[in-house]
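Trainee:
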Amino acid sequence: MRKVVIFSAPSGAGKSTIVRHLLQQDLGLAFSISATSRRPRGDEQDGKEYYFLSEAAFQEQVDRGAFLEWEEVYPGCRYGTLRSEVERIWAEGKSVLFDIDVIGGLNLKKIFGRQALAVFIEPPSVEILYERLVGRGTDTPEKIRERIDKANYEMGFAGRFDTIVINDQLEDALVDAEQKVRKFLAV
Ligand code: 5GP
Numbered sequence: 264m265r266k267v268v269i270f271s272a273p274s275g276a277g278k279s280t281i282v283r284h285l286l287q288q289d290l291g292l293a294f295s296i297s298a299t300s301r302r303p304r305g306d307e308q309d310g311k312e313y314y315f316l317s318e319a320a321f322q323e324q325v326d327r328g329a330f331l332e333w334e335e336v337y338p339g340c341r342y343g344t345l346r347s348e349v350e351r352i353w354a355e356g357k358s359v360l361f362d363i364d365v366i367g368g369l370n371l372k373k374i375f376g377r378q379a380l381a382v383f384i385e386p387p388s389v390e391i392l393y394e395r396l397v398g399r400g401t402d403t404p405e406k407i408r409e410r411i412d413k414a415n416y417e418m419g420f421a422g423r424f425d426t427i428v429i430n431d432q433l434e435d436a437l438v439d440a441e442q443k444v445r446k447f448l449a450v
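Here my numbering is used: the first residue of the sequence shown is 264, the next is one more, and so on.
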């Protein structure tokens, strides 16, 4: 059976670190590169972390029906999962790994049903999340406020996922996430 693994979390919960770790293991996973209308941050490259599109180009893809799901994750910034990414990865004989926001994750879970494992990464607390976002140093205070408000809201959806990984100690979270994914892919 063709499979997908969905990782969702409030921003700053350490999801990207866990996703990167899983991609480095021999799990046969490949990352679904989303399209976004936000600008690249730091040393992000087009076609690696994201396909960076203008607002107009993003809308064109929406109109063409190119997305499985898309959302305005932050005011003025849209993100979407391209159907072509899933096809590309399955054609390689691999399983798809999604790094996606909470609502998007639940939407994908609905689409893929039993083919999907939906994992919620839970930060130990919203206070720690705040410290992590400040420590990352890539966002303005206003952007951090937005992300914290969203995190509080998103924590309420944890129970709708197939499983939860608590990212208190990163090492433990990596082991836990890897075990859960291995078990799912082996079935
Ligand atoms: P960032 O701007 O920090 O890279 O990502 C912001 C949020 O957008 C993260 O929670 C990320 O998982 C989410 N995201 C990335 N790609 C997609 C996508 O294709 N669809 C949705 N709904 N969210 C996405």
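Backbone N, C-alpha and C define an ideal beta-carbon position, used for all residues, glycine too.
Does the Cβ of residue 403 have 16 or more other Cβ atoms within 10 Å, making it buried, or fewer, making it exposed?
Mentor: Residue 403 should be labelled exposed.
Trainee: Would you give the residue range spanned by the alpha helix (DSSP H) that residue 391 belongs to?
Mentor: Counting along the chain, the alpha helix (DSSP H) containing residue 391 begins and ends at 389-399.
Trainee: Between the Cα of residue 278 and the Cα atoms of 440, 447, 449, which residue gives the shortest distance?
Mentor: Ranking the options by Cα distance to residue 278, first place goes to 440.
Trainee: Do you know offhand how far residue 303's Cα is from residue 311's?
Mentor: Those two C-alpha atoms are separated by around 11 Å.
Trainee: At a threshold of 7 Å, does residue 412 count as lining the ligand 5GP (C-beta to nearest heavy atom)?
Mentor: Checking every heavy atom of the ligand 5GP against the Cβ of residue 412, none is found closer than 7 Å.
Trainee: Residue 410 lies in the alpha helix (DSSP H); which residues open and close that run?
Mentor: Residue 410 -> alpha helix (DSSP H) spans 404-417.
Trainee: Check for me: the alpha helix (DSSP H) holding residue 363 runs from which residue to which?
Mentor: First-last for residue 363: undefined, no H or E at that position.
Trainee: With distance defined between alpha-carbon atoms, name the residue in 288, 301, 437, 389 nearest to residue 382.
Mentor: The option with the nearest alpha carbon to residue 382 is 437.
Trainee: Do residue 276 and residue 384 have their C-beta atoms within less than 8 Å of each other?
Mentor: Against a cut-off of 8 Å, the Cβ pair of residue 384 and residue 276 comes out as a contact.
Trainee: Would residue 358 pass as a contact of residue 267 if the rule is Cβ separation under 8 Å?
Mentor: Yes, they are a contact pair.
Trainee: Just grab the DSSP bridge partners of residue 333 for me.
Mentor: In the DSSP output, where bridge partners are listed per residue, residue 333 has 343.
Trainee: Answer yes or no: the CB of residue 403 versus the heavy atoms of the ligand 5GP, is any distance below 7 Å?
Mentor: Incorrect: residue 403 has no Cβ contact closer than 7 Å to the ligand 5GP.
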